[in-house]
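Remarks on the structure that follows.
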Amino acid sequence: MKKDVNVIIRSFLLFFLKCMLPAFVVGLIYLDIKTFGNISEESFVEFGQETFLLGTSIVFMYLANKKKANGLWLVAGFFMCMFIRELDAYFDDIFHGSWKYVALVSAVFFTYKAWRSGKENAVNSLAVYMQSPAFTTMSFGMMVVLVFSRAMGMGKLWKLIMGENFNRVVKNVVEEGTELFGYSIIFLAAVEYACYLLSKKED
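What follows is the structure, given as structure tokens:
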């Protein structure tokens, strides 16, 4: 019974820590509006998005190297490309759309890292990851980022809601805030998978 009680207490503590993420997201939104009056390309929210993406990629790079799970290089590369995409405003200072070429180089590099030690290892470790509960959480985060935040950020929707009182700041807050929340879920899923994988004993 003592073991079960410890599990329950640990689960509640973990849930409490997870609840800090949405609070953190709202805090960054508040800072942006309080400081800048909007959410721009150089804002706390944008910085948070980039940090979560870079952190996610680093976690999977570490796991791929530590556990010799080559398929995870592909996951790391995917999020690194998303990170580069989030920096498009800075790459545009070089020339418009230059982020695509940087992302392409990144994709080639991570694909090479995944395949160089054998396709079987890469496919197997990727399949193992996709069967984990962490991948389900990751999928939810991706849905929030790629679908829900985009849908909630449609100008037509907010013009329909607010009519002649349309305010772009409100639209930006909802779209960028939702996107940041999605990225926080993705990062959480990466950390959860890392904890699971690193806790496993070597065969």
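Numbering of the sequence shown is given in the working numbering, commencing with residue 365 and proceeding in unit increments. For glycine and all other residues, C-beta sits at the position ideal for the given N, C-alpha and C. Please read these numbers as outputs of a predicted model, since none were measured by experiment.
By Cβ distance below 6 Å, which residues in the same chain neighbour residue i in space, the five residues on each side in sequence not counted?
{"i": "L521", "result": "none"}
{"i": "D368", "result": "none"}
{"i": "M425", "result": "A440"}
Using 10 angstroms around the beta-carbon of residue i, count the other beta-carbons present and answer buried if the total reaches 16, otherwise exposed.
{"i": "F551", "result": "buried"}
{"i": "V472", "result": "exposed"}
{"i": "Y557", "result": "buried"}
{"i": "G461", "result": "exposed"}
{"i": "F447", "result": "buried"}
{"i": "A486", "result": "buried"}
{"i": "D396", "result": "buried"}
{"i": "V509", "result": "buried"}
{"i": "S421", "result": "buried"}
{"i": "G505", "result": "buried"}
Tell me whether the beta-carbon of residue i lies closer than 9 Å to the beta-carbon of residue j.
{"i": "T475", "j": "W437", "result": "yes"}
{"i": "S489", "j": "A433", "result": "yes"}
{"i": "S548", "j": "F388", "result": "yes"}
{"i": "A467", "j": "R449", "result": "yes"}
{"i": "L427", "j": "M444", "result": "no"}
{"i": "G419", "j": "V492", "result": "no"}
{"i": "M502", "j": "A453", "result": "no"}
{"i": "K431", "j": "L562", "result": "yes"}
{"i": "E414", "j": "I403", "result": "no"}
List the endpoints of the continuous alpha helix (DSSP H) containing residue i.
{"i": "R514", "result": "S513 to M516"}
{"i": "V469", "result": "W463 to W479"}
{"i": "K523", "result": "G519 to M526"}
{"i": "Q413", "result": "F408 to K430"}
{"i": "D396", "result": "K366 to T399"}
{"i": "N434", "result": "Per DSSP, N434 belongs to no alpha helix (DSSP H) and is neither H nor E."}
{"i": "I549", "result": "R532 to S563"}
{"i": "G482", "result": "Per DSSP, G482 belongs to no alpha helix (DSSP H) and is neither H nor E."}
{"i": "S503", "result": "P497 to M507"}
{"i": "D452", "result": "D452 to F455"}
Apart from the five residues just before and just after residue i, which ones in its own chain have a Cβ nearer than 8 Å to its Cβ?
{"i": "V555", "result": "V423"}
{"i": "D567", "result": "Low confidence applies here, because D567 scores a pLDDT of 47, under 50, leaving its location unreliable; read the following figure in that light. None."}
{"i": "A498", "result": "A553, A554, E556, Y557 and Y560"}
{"i": "L451", "result": "E414 and W463"}
Ordered along the chain, which non-local residues of its own chain (more than five positions away) have a Cβ less than 7 Å from that of residue i?
{"i": "G519", "result": "K535"}
{"i": "G412", "result": "L392 and L544"}
{"i": "S513", "result": "E539, T542, E543 and G546"}
{"i": "M516", "result": "V538, E539 and T542"}
{"i": "S407", "result": "D396 and F400"}
{"i": "P386", "result": "F545"}
State yes or no: is the C-beta of residue i nearer than 8 Å to some heavy atom of the ligand COA?
{"i": "G541", "result": "As for the ligand COA, it is missing from this structure, which has no ligand bound."}
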